[in-house]
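Asks:
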Amino acid sequence: MENTIQLTVIDRDGISHTLEAPTDMNLNLMEVCKGSELPVEGTCGGMALCASCHVYVLSDHDLPEQSDEELDMLDQAFFVKDNSRLGCQLRINDSLHGLIVELAKV
Amino acid sequence: MSQTIETDLLIIGAGPVGLFTVFEAGLIKLRCHLIDYLPQPGGQCTEIYPKKPIYDIPGFPSVLAGDLIHNLMEQIAPFKPGFTLGERAEEMRQTEDGKFEIITTSGTIHRAPCVAIAAGLGVFEPRKPPIENLSNFENKGVDYIIKEPEKFRNQRIVVAGGGDSALDWSIILADIAAEVVLVHRRSSFRGALDSAEKVTELAHAGKIKLVTEAEVTGLHGNGKLEEVVITFNNGETTTHPTDYYLPLFGLSPKLGPIADWGLNLDKNGIAVDTFDYSTNIPGIYAIGDINEYPGKLKLILCGFHEGTLMVQSAFKRIYPDAKLQFKYTTVNGVNGF
């Protein structure tokens, strides 16, 4: 479909989910996960204030740089690795096509 | 034993929705008292994002969250609301005369015929690091909130975290404690620049011991904390003797004790009837982000609407025989207590 990309999200039980996400609705990865009933709480609503959408990026994508807010939050989160990102800060656009992420422990 | 606080409407949560509800209750002569675990009113708006602009408050093209709370406090001032701050609503019981008593963590008793739960995302609690036996040492060497720094005089302290709170307390405790060790996962600190500089300065002066690119991963002790296990990012581990471990990783919201009050819960929210935002317990209402109903949107503006309708129902419950006259504020203005 046009204006749609494919994403793979591996949940905390190791099960892989292939999701289709529209690129023209100003969504972020947290919202797409929530909308697909994956166990992502998105407690703060997407302001990089809770880390409940913490993911590890497994694919080799060129992602937008982390904002200060995202770095601040990841500084206070647990189980953080070099490939940690907050899903709410990853805007769904064509450059994310084929992205593979794994949900971090909470 | 503290005195019992009596009011008409007890509001749990002093965020924007709880605050505005005081106004709508005041217009129909209901007095309110608010309870909040945070030390100041405003909820998330003041605690987490006071400097963030909000764009969907009607009549305000843009308003900073902190300013919105400031304005709400001014708006409700004529109705002289009471506040119990820094205490968590812990226990709820019904009295024989059909009222509710809410008891806080500090033992303060509040009594009212109606309760509005406006607790947002829940109560903000310290984020606890994933250390297996952490809870065994709570109040036995592990503290998440520092209330009385004097407690740590001449004690050995390990602080963990890299944010403002970890930095600020390390600076304060450096003058009080026998030893302050600050453990942080990364090599640099992201807290306020002057705090970060001050910590570096104190480290050079030997008053704070910095352990970076490392995390506290274990706790040892017999009945009370005796040492922490520190694991470096490269996998090496070491132990360090200490009297206290203070993990300071900010706050995160939890539904908390409200979950055990017998209310019908729906996902993470309290299920309500959208007629008056009543819960399954007559006399207890839930408004704002904490409630859940078909079509729910977690918006401040929706919470304002919910609180407004809810107080009408509370009035009828408190004064079943009184007739409520609906009045615009433009007719008589605001007549406070």
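Chains A and B, in that order, are what the protein sequence lines are.
Everything in the first sequence is counted per this note's numbering, starting at 473 for the first residue and increasing by one.
Everything in the second sequence is counted per this note's numbering, starting at 885 for the first residue and increasing by one.
C-beta atoms are modelled at their ideal positions from N, C-alpha and C, and glycine is treated no differently.
All figures in this text were calculated on a predicted structure; none of them were measured in a lab.
Any C-beta of chain B sitting closer than 8 Å to the C-beta of A:GLY570?
Replies: No, A:GLY570 does not count as interfacial toward chain B.
Asks: If we count the other Cβ atoms within 10 Å of its Cβ and call it buried at 16 or more, is B:HIS1104 buried or exposed?
Replies: Exposed, by the Cβ-count rule.
Asks: Report the residues of the stretch 901-933 of chain B with a CB closer than 7 Å to any CB of chain A, ordered along the chain.
Replies: Against chain A - using a Cβ distance shorter than 7 Å - the residues of the stretch 901-933 of chain B are ILE932 and TYR933.
Asks: Three or more beta-carbon pairs under 8 Å between the stretch 1078-1087 of chain B and the stretch 1047-1054 of chain B, yes or no?
Replies: Yes, since at least three Cβ pairs between the stretch 1078-1087 of chain B and the stretch 1047-1054 of chain B fall closer than 8 Å, the two stretches touch.
Asks: Listed in chain order, which residues of the stretch 548-573 of chain A have Cβ atoms closer than 9 Å to some Cβ of chain B?
Replies: Listed in sequence order: GLN548, ALA549, PHE550, PHE551 and VAL552.
Asks: Could you tell me which chain A residues have their CB closer than 7 Å to the CB of B:LEU1005, listed as they occur along the chain?
Replies: Within chain A, the residues near B:LEU1005 are THR515.
Asks: Rounded to the nearest angstrom, what separates A:ASP554 and B:LYS983 at their Cα positions?
Replies: Computed Cα separation, rounded: 54 Å.
Asks: So, using beta-carbon positions, are B:LYS901 and B:GLY1167 closer together than 8 Å?
Replies: The amino acid occupying residue 901 of chain B in the given sequence is Val; Lys does not appear at that position. No, these two residues do not count as a Cβ contact at 8 Å.
Asks: Going along the chain, which residues of the stretch 1173-1192 of chain B sit with their C-beta nearer than 8 Å to a C-beta in chain A?
Replies: If the cut-off is 8 Å between Cβ atoms, the stretch 1173-1192 of chain B has LYS1182 near chain A.
Asks: Per the DSSP calculation, B:LEU969 is bridged to which residue(s)?
Replies: DSSP, once it has assigned bridges, lists B:ASP920 as partnering B:LEU969.
Asks: With distances taken between CB atoms, is the gap from A:ALA549 to A:HIS526 smaller than 8 Å?
Replies: Taking 8 Å as the Cβ cut-off, A:ALA549 and A:HIS526 qualify as a contacting pair.
Asks: In chain A, which residues lie with their C-beta within 7 Å of the C-beta of B:PHE1133?
Replies: Ordered by position in chain A, the residues that pass the 7 Å Cβ test against B:PHE1133 are GLN548.
Asks: Could you list which residues in chain A have their beta carbon closer than 9 Å to that of B:PRO1137, in chain order?
Replies: Here the neighbours are THR515, CYS516 and CYS522.
Asks: Using a Cβ cut-off of 7 Å, which residues of the stretch 533-548 of chain A contact any Cβ in chain B, in chain order?
Replies: Residues LEU543, ASP544, ASP547 and GLN548.
Asks: Measuring alpha carbon to alpha carbon, tell me which of B:TYR1177, B:GLY1172 and B:THR1192 ends up nearest B:LEU1183.
Replies: With distances taken between Cα atoms, B:LEU1183 lies closest to B:GLY1172.
Asks: Could you tell me the alpha carbon to alpha carbon distance between B:PRO934 and B:GLY950, rounded to whole angstroms?
Replies: Distance between the alpha carbons of B:PRO934 and B:GLY950: 4 Å.
Asks: Along the alpha helix (DSSP H) that carries B:LEU952, what are the first and last residues, could you check?
Replies: Residues 949-960.
Asks: I need the DSSP call for B:GLY1153, collapsed to helix, strand or coil.
Replies: If DSSP states are grouped into helix, strand and coil, B:GLY1153 belongs with the strands.
Asks: Short of 7 Å Cβ to Cβ, which residues in the stretch 987-1017 of chain B face chain A?
Replies: Correct list: LEU1005, ARG1011, PRO1013 and PRO1014.
Asks: Can you confirm whether B:PRO1201, when its beta carbon is compared against all beta carbons of chain A, has any partner nearer than 8 Å?
Replies: Looking at the sequence shown, residue 1201 of chain B is not Pro but Arg. False, the Cβ-Cβ gap to chain A never drops below 8 Å.
Asks: Counting only runs of 4+ residues fully inside the stretch 1123-1209 of chain B, write out the alpha helix (DSSP H) ranges in chain order.
Replies: Qualifying alpha helix (DSSP H) stretches, in chain order: 1184-1202.
Asks: In terms of alpha-carbon separation, which member of B:ILE1174, B:THR968, B:ASP920 and B:SER1136 lies closest to B:THR1235?
Replies: Since the first residue of chain B shown is 885 and the last is 1221, residue 1235 of chain B is not available in this structure.
Asks: Assign B:LYS1031 to one of two classes, buried (16 or more other C-beta atoms within 10 Å of its C-beta) or exposed (fewer than that).
Replies: Answer is exposed; the Cβ neighbour count stays below 16.
Asks: In the DSSP assignment, find the unbroken beta strand (DSSP E) run with B:ILE987 in it and report its ends.
Replies: Residues 984-988.
Asks: In terms of residue numbering, what span does the beta strand (DSSP E) encompassing B:ILE1056 cover?
Replies: Here B:ILE1056 belongs to no beta strand (DSSP E); instead the alpha helix (DSSP H) covers 1048-1058.
Asks: Taking 8 Å as the threshold (C-beta atoms), are A:LEU543 and A:ASN500 in contact?
Replies: Cβ atoms of A:ASN500 and A:LEU543: not closer than 8 Å.
Asks: Name the DSSP beta bridge partners of B:LYS1093, please?
Replies: DSSP, once it has assigned bridges, lists B:VAL1065 as partnering B:LYS1093.
Asks: For B:ILE1060, which residues of its own chain have a beta-carbon under 6 Å away from its beta-carbon, when the five flanking residues on both sides are left out?
Replies: Cβ within range, chain order: PRO1033, PHE1036 and ARG1037.
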